[in-house]
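Note that the protein sequences, when read in sequence, are chains U and B. Each residue of the first sequence is one higher than the one before, starting from 1 at the first, in full-length UniProt numbering. Each residue of the second sequence is one higher than the one before, starting from 1 at the first, in full-length UniProt numbering. These notes are about the structure you will find just below.
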Amino acid sequence: MIVPIVILLVILGSVAFHFWSPWWWSEVASNWGNIDSTILLTFWVTGVVFVAVGLFVAFCVWKYRYNKDRTADYEPENARLEWILTILTALGVIALLTPGLIVWNKFVTVPDDVYEIEVLGYQWGWGFRLPGQDGILGTTDINNINDENMFGLNTDDPHSFDDILIDGDELHILLNQPLKVNLRSLDVLHDFYVPQFRAKMDMIPGMITSYWFTPIKTGSFEILCAEYCGTAHYAMLGTVLVDEKDDYDEWLNEQMTFKETLALNKNNDLIKVASKND
Amino acid sequence: MAANGYEDVVKGDDAVPALEVQPQELYHAKSFWTRYIFCQDAKVIAVQYSLTAIAIGLVGLVSSWLIRMQIAYPGVIPMDASAYYQLVTMHGMIMVIYLLTALFLGGFGNYLIPLMVGARDMVFPYVNMLSYWVFLLAVLILVASYFVPGGPTGAGWTLYPPQAITSGTPGSGLGIILMIVSLAVFVVGFTMGGLNYVITTLQARTRGMTLMRLPLTVWGIFVATVLALFAFPALLVAGIMMLLDNILGTSFFMPAILEAGLGEQMAYDGGSPILFQHLFWFFGHPEVYIVALPAFGIVSDLISVHARKNIFGYRMMVWAIVIIGFLSFIVWAHHMYVAGMNPWFGFFFATTTLIIAIPTALKVYNWVLTLWRGNIQLTVPMLFAIGFLITFTNGGLTGLFLGNVIVDVPLSDTYFVVAHFHMVMGIAPVLVVYGAIYHWFPLITGRFLNNRLGKIHFWITFLGSYSIYFPMHYLGFMGVTRRYFEVFEGEAFPVSIVGINQFITIAALVTGFAQLVFFYNLIVSVKHGDKAEKNPWKACSLEWQTTEMPPGHGNFEKELPIVHRWAYDFSVPGANEDYIPQNISPSEVSNAQAEKT
């Protein structure tokens, strides 16, 4: 008797935990609310199956408990039943996969009006680069990296010098502006992840990966590195602040371009190159 | 009856097929050394494999306690981040490869395949013996890596480059080298055993034992071994290539990068870290099924025997195992949805991954339909089988979250993943391992494990592990990233996660210590357990039909058994007993009935 009751309690307890426990996601702060909807849909479909299977097991264990005077049924197969179950399962899979792939298609289709920025990961910290006045990110090469050129910008690329460089772990972004983050790593794998934005993508040394989102709520959000990257992985944190236009512009004005950082470092050779490009 | 279509499988027949292959000469051990140490008998090799796997598994178990202490009660057991990551890495590697793979294939495969197919031993006993000793060598190399300067690798069990071999990762010196060497040796040893399991199943079946009369245990182990023979080479080459990158400075997986902490540029250029991930998961995904398929097979037999009912939909179960095995090779990149590969791959791999849910779900339906109108004996093996049904259903369903590419985006690299794979390929198969040990212990030792201790062990293990992993999924929904040495209270999470982590840790410690009950039971029962009569569970498959129990050298006496029916003739209408062993012919059954009347 105790076995079916415990199974029943496990099933009911799971459902109760799901609905009443305080541990649940924070409200979405990007346009990817439809990812949440897909998860909820998956919850309903899989939840119903889980409860049904669990209750069926509990019922069988109670109803068909051993009795030496009874013999079990002899039914090796039931082709009809097996087909019905196959088709129902296939329908369930289609019900999950179709909306999933539709949302994925949105996720991988970058709109034309995105603002592109770069997020740089290294052991262990973050850097950010905005395209500056020309609206285009300068090209980079790891061989260019030195004390004065932490991002490895190509100095023969005219788009490089107006790029705004943020060497720190705090990034400001503009509310409601579609944003494409180009992800770069200087050493090992990292992953730029803000739980409230729902999106994430690994950063791979030697190549540029990306994803896009639109922040829809102002506020301060924590950046977590989501791909194990060595001893200080857990400490590779940062902050994204989603600002209204005024706050954003104010912050932007305080940031330095590549050219300005060179001036600060008194690198006259490169400044000349930069001025020629102006 | 003919209209049912399955009668060729389930109908017993009197025919005695001709002997196609002459029985091979057995090697007869002459001394203690060749009988118990350098032994060529698959049954002894099975026990050697199992004890070695369990011994190293204990290291993995204790590692998990230390990991959980650090997560919930940091500072109580002093450790730094390096030690934490080394524990996490070794825990994963040990549990997946050295415990579960070795136990299911080297342990259960060796013991059960020859007995269940009606053979005297594996077809290549000497190679089979070598397989164990090479496995032991792999384990020793793994253990040695704990004692080298810098300690074992802390690269995470996936060993992703570049970090696996660069200085920002613990154990990036000798640790990672020994890890890869150990894996390579493991693959060599496994291949020796694996060829035996496959060829014995195909070539050494006794007369009348058609493929469609094999117990599902053999089907599960057989297909899993085939998968392993295809999958492990991918791991082997990936390991060797990374070793070359590390030692000789090649750049298979290494692009131009800086040394850790914005250091000097390293002497690599042009390699692809993602290439490693493809190779790793081409091995790594089938690996999930290398662990799961034997569990599927074994649990089918446990449920059938202890519910006194034939397994429902046997042919479908066989095909599901084969189809899952095939599909498992074309879903690997679902581990890499956010790894930076071409996003268009997501469409393909999400589709194949969710298709695999269909044969898997069918297996679950057939298990629970086997319970339907059965005569269920709540023995300890049956309890573990029921525990498996609940945990596997749970873990399988959460796979539908992670397999569906867009849903994986927020959940990848969070505790949802940790909870999912522990439930589906940790807890569920381990429950089957326990069920199987309680089930076959009388066959191996002639004695039962203690029933009361078994029940205590079951309840704590089942409820405890469910309490660990069910709530853990919700940490994943909150976005709590895995592999964090310190679980901080940041802005990222809406509610505190300290309490839930403490609950999980306590559940993990209680569950972990409950395993001591099992080990106590195991040790005491070998000598003092209740004596088991022959075929104590009244099962139909051949391993219980040997003249002696435990089966002696050569498994069967003078004559090998001749098989007349499938392994699931339980509660056959009109039969005197509620089971008819595979080696009983229909005329023997009718004679027995005639005598009674």
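The beta-carbon is built from N, C-alpha and C at its ideal position, and this holds for glycine as well. All of these numbers come straight from a predicted model, not from anything done at the bench.
Which word fits Ile-247(B), buried or exposed, when buried means at least 16 other C-beta atoms lie within 10 angstroms of its C-beta? Position 247 of the second sequence holds residue 247(B). So Ile-247(B) ends up on the exposed side.
Is it right to say Tyr-438(B) is buried, meaning 16 or more other beta carbons lie within 10 angstroms of its own, or is it exposed? Within the second sequence, the letter at position 438 stands for residue 438(B). Label assigned to Tyr-438(B): buried.
Considering just the uninterrupted stretch of the alpha helix (DSSP H) at Cys-60(U), what are its terminal residues? Here residue 60(U) is taken as the residue at index 60 of the first sequence, counted from 1. First-last of the alpha helix (DSSP H) with Cys-60(U): 33 to 63.
Residues of the region 91 to 107 of chain U whose Cβ lies closer than 7 Å to any Cβ of chain B, in chain order: Val-93, Leu-96, Leu-97, Gly-100, Leu-101, Val-103, Trp-104 and Phe-107
Residues of chain B with CB under 9 Å from Ile-145(U), in chain order? Sequence index remark: in the first sequence, residue 145(U) carries index 145 (1-based). Within 9 Å Cβ-Cβ: Leu-258, Leu-262 and Gln-265.
What whole-angstrom Cβ distance do Asn-31(U) and Phe-192(U) have, given they're in contact under 8 Å? As a working note, residue 31(U) is residue 31 in the first sequence. As a working note, residue 192(U) is residue 192 in the first sequence. At roughly 17 Å, the Cβ-Cβ gap does not stay under 8 Å, so Asn-31(U) and Phe-192(U) are not in contact.
Under three-state DSSP, which class holds Met-1(B)? On the second sequence, position 1 is the one that residue 1(B) refers to. A caution first: Met-1(B) carries a pLDDT of 36, below 50, which makes its placement in the model too unreliable to give a value.
Could you list which residues in chain U have their beta carbon closer than 7 Å to that of Val-495(B), in chain order? If you number the second sequence from 1, residue 495(B) lands on position 495. In chain order: Pro-22 and Trp-23.
Would Glu-227(U) be called buried (16 or more neighbouring beta carbons within 10 Å of its own) or exposed? The residue labelled residue 227(U) in the question sits at position 227 within the first sequence. Glu-227(U) is buried by the Cβ-count criterion.
In chain B, what lies closer than 7 Å to Thr-86(U) by C-beta? Mapped onto the first sequence, residue 86(U) falls at position 86. What Thr-86(U) touches in chain B: Ile-358 and Leu-362.
Going residue by residue through the region 83 to 148 of chain U, where are the continuous beta strand (DSSP E) segments of at least 3 residues, counting only ones entirely within it? 115 to 122 and 125 to 130
Could you tell me the alpha carbon to alpha carbon distance between Ile-5(U) and Leu-12(U), rounded to whole angstroms? The residue given as residue 5(U) occupies position 5 in the first sequence. The residue given as residue 12(U) occupies position 12 in the first sequence. About 10 Å.
So who's on the other strand from Phe-213(U), going by DSSP bridges? Locating residue 213(U) in the first sequence gives position 213, counting from the first residue. In the DSSP output, where bridge partners are listed per residue, Phe-213(U) has Leu-179(U).
Should Gly-92(B) and Ala-46(B) be called a contact, given that it needs their Cβ atoms to be closer than 7 Å? For the purposes of this step, residue 92(B) is taken as the residue at position 92 of the second sequence. For the purposes of this step, residue 46(B) is taken as the residue at position 46 of the second sequence. Going by C-beta atoms, Gly-92(B) is not nearer than 7 Å to Ala-46(B).
So which residues of chain U does Ser-272(B) contact, with C-beta pairs closer than 9 Å? By 1-based counting over the second sequence, the position of residue 272(B) is 272. Here the neighbours are Ile-204, Gly-206 and Met-207.
Measure the Cβ-Cβ separation of Phe-150(B) and Gly-173(B) and say whether it is below 7 Å. As a working note, residue 150(B) is residue 150 in the second sequence. As a working note, residue 173(B) is residue 173 in the second sequence. Correcting the residue identity first, residue 150(B) is Gly in this sequence and not Phe. Yes, these two residues count as a Cβ contact at 7 Å.
Taking Cβ-Cβ distances below 9 Å as the criterion, which residues of the region 226 to 249 of chain U are in contact with chain B? Ala-226, Glu-227, Tyr-228, Cys-229, Gly-230, Thr-231, Ala-232, His-233, Tyr-234, Ala-235, Leu-237 and Thr-239
Check distances from the C-beta atoms of the region 557 to 581 of chain B to those of chain U and list, in chain order, the residues that come in under 7 Å. Phe-570, Ser-571, Val-572, Pro-573 and Asp-578
Any beta carbon of chain B sitting closer than 7 Å to that of Ile-216(U)? For the purposes of this step, residue 216(U) is taken as residue 216 along the first sequence, with counting starting at 1. Cβ-Cβ to chain B under 7 Å: no for Ile-216(U).
Considering only the beta carbon of each residue, do Thr-38(U) and Val-407(B) sit closer than 7 Å? One-based indexing of the first sequence puts residue 38(U) at position 38. One-based indexing of the second sequence puts residue 407(B) at position 407. Less than 7 Å divides the Cβ of Thr-38(U) from the Cβ of Val-407(B).
8 Å contact criterion, which Ser-304(B) and Phe-570(B) should meet: CB distance rounded: Walking along the second sequence from the start, residue 304(B) turns up at place 304. Walking along the second sequence from the start, residue 570(B) turns up at place 570. At roughly 7 Å, the Cβ-Cβ gap stays under 8 Å, so Ser-304(B) and Phe-570(B) are in contact.
So, do the region 314 to 328 of chain B and the region 276 to 293 of chain B have three or more beta carbon pairs nearer to each other than 8 Å? Flag = yes, the region 314 to 328 of chain B and the region 276 to 293 of chain B touch.
Straight-line CA distance for Met-382(B) to Ala-419(B)? Working through the second sequence from its first residue, we reach residue 382(B) at position 382. Working through the second sequence from its first residue, we reach residue 419(B) at position 419. Linking Met-382(B) to Ala-419(B) through their CA atoms gives a straight-line distance of about 25 Å.
Output yes if chain U places a C-beta closer than 7 Å to the C-beta of Phe-345(B); else output no. The residue you call residue 345(B) lines up with position 345 of the second sequence. Phe-345(B) does not count as touching chain U.
Buried or exposed: Phe-128(U), going by 16 or more other Cβ atoms within 10 Å of its Cβ? Here residue 128(U) is taken as the residue at index 128 of the first sequence, counted from 1. Label assigned to Phe-128(U): buried.
Establish whether the CB of Ser-14(U) and some CB of chain B are separated by less than 7 Å. Working through the first sequence from its first residue, we reach residue 14(U) at position 14. So yes, Ser-14(U) belongs to the interface.
Give the residues from the region 455 to 489 of chain B that approach chain U closer than 9 Å (Cβ to any Cβ), ordered along the chain. Trp-459, Phe-462, Leu-463, Tyr-466, Phe-470, Pro-471, Tyr-474, Leu-475, Phe-477, Met-478, Gly-479, Val-480, Thr-481, Arg-482, Arg-483, Tyr-484, Phe-485, Glu-486, Val-487 and Phe-488
With H, G and I counted as helix, E and B as strand and the rest as coil, what does DSSP make of Tyr-568(B)? Position 568 of the second sequence, counted from the start, is the residue given in the question as residue 568(B). Tyr-568(B) sits in coil when the DSSP states are folded into three classes, being neither helix nor strand.
Per DSSP, the bridge partner or partners of Met-201(U): By one-based count along the first sequence, residue 201(U) stands at place 201. Beta-bridge pairing by DSSP links Met-201(U) to Phe-192(U).
Please list the partners that Phe-312(B) has in chain U, where partner means a Cβ-to-Cβ separation under 8 Å. Taking the second sequence and counting its residues from 1, the one referred to as residue 312(B) is at position 312. Chain U residues near Phe-312(B): Glu-75, Pro-76, Glu-77 and Asn-78.
Terminal residues of the continuous alpha helix (DSSP H) containing Glu-254(U)? Taking the first residue of the first sequence as 1, we reach residue 254(U) at position 254. Residues 245 to 254.
Name the two residues that bound the continuous alpha helix (DSSP H) containing Phe-296(B). Against the second sequence, residue 296(B) aligns to sequence position 296. Looking at the DSSP string, the run of the alpha helix (DSSP H) that includes Phe-296(B) is 273 to 306.
Whose CA, out of Phe-421(B), Gly-435(B) and Asp-13(B), lies closest to the CA of Phe-384(B)? As a first step, residue 384(B) must be located in the second sequence, where it is residue number 384. Closest option to Phe-384(B), Cα to Cα, is Gly-435(B).
Just list the alpha helix (DSSP H) runs in the region 5 to 48 of chain B, keeping only unbroken ones of 4 residues or longer that don't cross its boundaries, in chain order. 7 to 10
If Tyr-579(B) sits next to Val-10(U), beta carbons under 8 Å apart, how far is it from one beta carbon to the other, in whole angstroms? In the second sequence, counting from the first residue as 1, residue 579(B) sits at position 579. In the first sequence, counting from the first residue as 1, residue 10(U) sits at position 10. So it is not a contact: roughly 31 Å between Cβ atoms.
Is DSSP giving Val-6(U) helix, strand or coil here? Position 6 of the first sequence, counted from the start, is the residue given in the question as residue 6(U). Under the three-state reduction of DSSP, Val-6(U) is assigned to helix.
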